[in-house]
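For the protein sequence lines, the chains are A and B, in the order given. Each step along the first sequence adds one to the number in this note's numbering, with nothing skipped, and position 207 is 212. Each step along the second sequence adds one to the number in this note's numbering, with nothing skipped, and position 173 is 1322. Beta carbons: idealized from backbone N, C-alpha and C, even for Gly.
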Amino acid sequence: MSADQKQGPYSSNSEAVRLELSQIDASIRSAALFFVISAITWLLIGTVFALLVAVKAHQPNFASTFEFLTFGRVRSAHLNAMALGWASNIIFAVGLWIMARLCRAPIIHKGILFIAGVFWNIGLTVGIFGILRGDITSVEWLEIPKYATPLLAISYALIGVWGVMAFRFRKGDHVYVSQWYILAALFWFPWLYVVAQVMIIWLPARGVVQSVTNWWFAHNVLGLWFTPMALATAYYLIPKVLGRPIYSYYLSVLGFWALAIFYNWAGIHHLIGGPIPVWLISAGIVASVMMVIPVVVVGINHHMSVVGLHKEVWRSPTLRFVVFGAISYTLVSLIGSAMALRTVSEITHFTHFTVGHAHHGVYAFFTMIMFGGVYYMMPRLLKREWPSSFLIKLHFWACALGITIMVVALQVGGWIQGLEMNNAEIPFLEVVQNTIPWLKARSVSGLFLTMGHIAFAANFFWMLFVAGAVRAKQGPTLLGSNEGGAVQ
Amino acid sequence: MKNLPLLFCGIFFALAFSFTGLILTSHIQIGSLTQTTESLEATDDLDENGMPVMVMAEGEPLYPAMPVGLAQQGKDIYISMGCIYCHSQQVRRNEFGADIERGWGPRQTVARDYILQERVLLGTMRTGPDLAHLGGRYAGDAGRDWNHLHLYNPRIVSKGSTMPPFAFLYDVRQIVGKPSEEALTFPPDSEYAPETGYEVVPTRRAKALVEYLLSLKINYSLPEAPILE
Chain A
6 MSADQKQGPY SSNSEAVRLE LSQIDASIRS AALFFVISAI TWLLIGTVFA
56 LLVAVKAHQP NFASTFEFLT FGRVRSAHLN AMALGWASNI IFAVGLWIMA
106 RLCRAPIIHK GILFIAGVFW NIGLTVGIFG ILRGDITSVE WLEIPKYATP
156 LLAISYALIG VWGVMAFRFR KGDHVYVSQW YILAALFWFP WLYVVAQVMI
206 IWLPARGVVQ SVTNWWFAHN VLGLWFTPMA LATAYYLIPK VLGRPIYSYY
256 LSVLGFWALA IFYNWAGIHH LIGGPIPVWL ISAGIVASVM MVIPVVVVGI
306 NHHMSVVGLH KEVWRSPTLR FVVFGAISYT LVSLIGSAMA LRTVSEITHF
356 THFTVGHAHH GVYAFFTMIM FGGVYYMMPR LLKREWPSSF LIKLHFWACA
406 LGITIMVVAL QVGGWIQGLE MNNAEIPFLE VVQNTIPWLK ARSVSGLFLT
456 MGHIAFAANF FWMLFVAGAV RAKQGPTLLG SNEGGAVQ
Chain B
1150 MKNLPLLFCG IFFALAFSFT GLILTSHIQI GSLTQTTESL EATDDLDENG
1200 MPVMVMAEGE PLYPAMPVGL AQQGKDIYIS MGCIYCHSQQ VRRNEFGADI
1250 ERGWGPRQTV ARDYILQERV LLGTMRTGPD LAHLGGRYAG DAGRDWNHLH
1300 LYNPRIVSKG STMPPFAFLY DVRQIVGKPS EEALTFPPDS EYAPETGYEV
1350 VPTRRAKALV EYLLSLKINY SLPEAPILE
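Here it is, written out as structure tokens:
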């Protein structure tokens, strides 16, 4: 704890420190802006795909005349637009920015970073078009066709390397917990991606070795790419905004290593009951249950860091989102560990419960924290404040309500679906019919999320382009009560 | 944490551990499975445990069988339509779920069932039923006709289905001279039937897809997974 008190990332009043951070911000400004703009654009595109898919799930004839809009393809376009478009771009923006700041190392050769970012998004655009025109691979989380993936891999290498470079040329002795997470994720993701591409697409392994590789990869996209980046962001922002250090250094260490050791074995729980050796499944289940350790440890650490400062959390746009995400992390992970048990999986496997769980993780946890990250980062990159606190509030409430409705609907509906599916006396079509009300609720939740995303994008582009409208303020844009900030 | 070599090693070995444990080990264990006969025969030789060494029965056919012809091309259509996102192709063991009770297959599927597939489509979602044994449930010309109608619009034969129609795999055309032999036969008064004077014929892609679906069958035993009566 003492180390963090001296060197943690919490706010400093020292002019020298602020000047240094300001220079680092300037070095990454253009690249980070490009990544945020790309991320928000993909978020909106992915939202359109999501709405289409949600409606198709209960109105199968909706937009079904066109081959490129068939359910399987639009669903995959949605997943890839969100996972590689929204999530990865926002990781590049927020993750690299935090890394550079914590390493106190300005980004050099920022032009290469920028160009690599352009190519990442070109590769992804080609990939999404490929999916829609029917070149989809039908390998979950790896749907992008063969002709676009090498471009993605090379672009990634040229982006990820800047995080490692910043780390290599860091100043100071201390390495903060966020840096471990970011460094590890930058290293883990390409390994996972290349192995999965080679063993499934380029030189297919025999039989279900492909499926094992598939779920080792797919679950680790969440576990070793999204999760560490979101945790790094939360670990960085909580002390920054509240101005006091993280509760316990030792809990951060324990949480990090427990995640590193257990998470990457857990993905096999997607194959429970499947045609693979049983010992592999058992190993996956053990690891999934062991994930309780890092989750509880991180949960305690985050909770103790904000305890007593709930007013400040609620007032800060950043922390309102981050804390929502952090609470979701605890919830979704504990549910995930339970889902890995054979008796639970027997019910939830193959149902909408899993879809709900995936959105609980990627949205309620990861995406909400990243929204918080953007709310913190943009004023520092642009030296402007967010123009509208109303739009921030709208964004928060629409997304918080929307994702809650979605997760509850899909998990309750999915649980019923699983119970009914396991009772052979209930005709299959009756099981299908009984999911429809829950799928309609999912479409409603999609409308809320869409509203939130539009509010977010509007506020963002207003801040970015309509500079004249953003009047200089006395202080940062805060939510709620008026004390200490100029709230409209 | 100041010990950087330790940090690097930890990050590296964390993933190397599961890569070795899950990927490489399963590759060693099941990556070299081969076709086999439905049952094995005991020989006079004994293994180290004193049990007779089992060998493949001579002259018996080998399973799983090689997929052939149009069905192979149909698999590409199955992949390009994203069928996997609602249909699995794996049967779980008896009393774990109701896969066998629902008639989705006569036995559980095992690793060897998938060894000849260049792309394995196990699937993780059952918005629709499992298809591992679809060809066993719908066979012959009747099965072919059913599947064509079902693909053209699932609600023709499955009331209440939420599967999307794949009508774009069919040509609706004016009947010139004699009606085509391949034309779909709609149930009387079907709201999906074409206007009089028109017929619905499958494109080559539709035919290939249906052949693939009909080829999905678990009609053989394996030594490790016999079909039990």
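So is residue i buried or exposed if we call it buried at 16+ other beta carbons inside 10 Å?
i                  : result
Trp284 of chain A  : exposed
Gly100 of chain A  : buried
Ile1160 of chain B : buried
Leu1211 of chain B : exposed
Met1312 of chain B : buried
Asp30 of chain A   : buried
Trp125 of chain A  : buried
Ala21 of chain A   : exposed
Ile1324 of chain B : exposed
Lys1213 of chain B : Lys is not the amino acid found at residue 1213 of chain B; the sequence shown has Pro there. Its Cβ being crowded by 16 or more others within 10 Å, Pro1213 of chain B is buried.
Gly407 of chain A  : buried
Cys1235 of chain B : buried
Val412 of chain A  : buried
Gln493 of chain A  : Residue placement at Gln493 of chain A is poorly supported in this model, since its pLDDT is 28, which falls under 50; the coordinates are not used for a value here.
Gly116 of chain A  : exposed
Gln28 of chain A   : exposed
Pro1375 of chain B : exposed
Val1321 of chain B : exposed
Asp9 of chain A    : The predicted position of Asp9 of chain A is uncertain, since its pLDDT is 39 and thus under 50; a value taken from the coordinates is nonetheless stated next. Buried.
Tyr152 of chain A  : exposed
Ile113 of chain A  : exposed
His315 of chain A  : exposed
Glu390 of chain A  : buried
Asn487 of chain A  : Caution is warranted here: a pLDDT of 44 is assigned to Asn487 of chain A, below 50, making its placement in the model unreliable, and no coordinate value can be reported.
Asp1262 of chain B : buried
Of the choices the options, whose alpha-carbon is the least far from that of residue i?
i                  : options                                    : result
Leu1358 of chain B : B:Leu1189, B:Tyr1341, B:Cys1232, B:Leu1171 : B:Cys1232
Gly260 of chain A  : A:Thr232, A:Ile352, A:Pro442               : A:Thr232
Glu1360 of chain B : B:Val1217, B:Phe1315, B:Pro1328, B:Gly1277 : B:Val1217
Leu1155 of chain B : A:Ile332, A:Tyr161, A:Val258, A:Met309     : A:Val258
Phe172 of chain A  : A:Trp102, A:Tyr152, A:Pro195, A:Val217     : A:Trp102
Ile1305 of chain B : B:Gly1289, B:Thr1334, B:Gly1285, B:Glu1330 : B:Thr1334
Ile136 of chain A  : A:Val79, A:Leu163, A:Trp167, A:Asn94       : A:Val79
Asp1225 of chain B : B:Ala1163, B:Gly1272, B:Glu1267, B:Tyr1287 : B:Glu1267
Asn439 of chain A  : A:Gly419, A:Arg447, A:Leu227, A:Ala429     : A:Gly419
Leu1219 of chain B : B:Lys1356, B:Glu1378, B:Ile1367            : B:Lys1356
Arg320 of chain A  : A:Val41, A:Ala98, A:Leu483, A:Ala44        : A:Leu483
Ile95 of chain A   : A:Phe134, A:Phe71, A:Trp146, A:Gly165      : A:Gly165
Val511 of chain A  : A:Ala363, A:Met373, A:Gly228, A:Thr348     : Residue coverage of chain A in this structure runs from 6 to 493, which leaves residue 511 of chain A outside it and unanswerable.
Where do the N-terminal and C-terminal ends of the beta strand (DSSP E) with residue i fall, by residue?
i                  : result
Asp1193 of chain B : 1189-1195
Glu1348 of chain B : 1347-1351
Asp1320 of chain B : 1319-1323
Since residue i is in the alpha helix (DSSP H), which residue starts that stretch and which ends it?
i                  : result
Met1205 of chain B : Met1205 of chain B -> not in any alpha helix (DSSP H); beta strand (DSSP E) instead, spanning 1201-1205.
Trp262 of chain A  : 254-267
Phe355 of chain A  : That residue, Phe355 of chain A, is in no alpha helix (DSSP H); it is neither H nor E in DSSP.
Trp91 of chain A   : Here Trp91 of chain A belongs to no alpha helix (DSSP H), and DSSP marks it neither H nor E.
Val79 of chain A   : 76-85
Arg447 of chain A  : 433-470
Tyr186 of chain A  : 182-201
Ala1214 of chain B : Run containing Ala1214 of chain B: none; DSSP gives neither H nor E here.
Pro233 of chain A  : 232-247
Return the Cβ separation of residue i and residue j in integer angstroms, given the expectation that the two are a contact with Cβ distance under 8 Å.
i                  : j                  : result
Ala414 of chain A  : Trp443 of chain A  : 5 Å
Ile290 of chain A  : Ala263 of chain A  : Not quite, the Cβ-Cβ distance comes to about 17 Å (not below 8 Å), so this is no contact.
Met234 of chain A  : Ala288 of chain A  : Their Cβ separation, rounded to whole angstroms, is 26 Å, which puts Met234 of chain A and Ala288 of chain A out of contact at 8 Å.
Leu3 of chain A    : Ile127 of chain A  : Shown here, chain A extends from 6 to 493; a query on residue 3 of chain A therefore has no answer.
Gly5 of chain A    : Leu324 of chain A  : Summary: the structure shown does not reach residue 5 of chain A, with chain A confined to residues 6 through 493, and so no result is reported for it.
Leu1365 of chain B : Ala1281 of chain B : 6 Å
Trp193 of chain A  : Trp221 of chain A  : At roughly 12 Å, the Cβ-Cβ gap does not stay under 8 Å, so Trp193 of chain A and Trp221 of chain A are not in contact.
Ala36 of chain A   : Gly168 of chain A  : That pair is no contact at about 12 Å.
Measure from the C-beta of residue i to each C-beta in chain D and report whether the shortest distance is under 7 Å.
i                 : result
Gly278 of chain A : Structure shown: chain D not included; protein chains present are A and B.
*Between the segment 395-405 of chain A and the segment 52-64 of chain A, do at least 3 Cβ pairs fall closer than 8 Å?*
no
*Are the segment 103-121 of chain A and the segment 139-152 of chain A touching by the rule of at least three beta carbon pairs closer than 8 Å?*
no
*asked:* Across the segment 238-250 of chain A and the segment 177-186 of chain A, are there enough close Cβ pairs to call them in contact, namely three or more that are closer than 8 Å?
replied: yes
*Taking contact to mean at least 3 C-beta pairs separated by less than 8 Å, is the segment 1342-1354 of chain B in contact with the segment 1265-1280 of chain B?*
no
*Count the CB pairs spanning the segment 1170-1186 of chain B and the segment 203-213 of chain A that are closer than 8 Å, and state whether there are at least three.*
yes
*For the segment 244-254 of chain A and the segment 194-207 of chain A, state whether three or more C-beta atom pairs, one from each stretch, are separated by less than 8 Å.*
no
_Counting beta carbon pairs with one atom in the segment 445-463 of chain A and one in the segment 38-52 of chain A, are three or more of them shorter than 8 Å?_
yes
*Examine the Cβ distances between the segment 250-257 of chain A and the segment 302-322 of chain A and report whether three or more of them are shorter than 8 Å.*
yes
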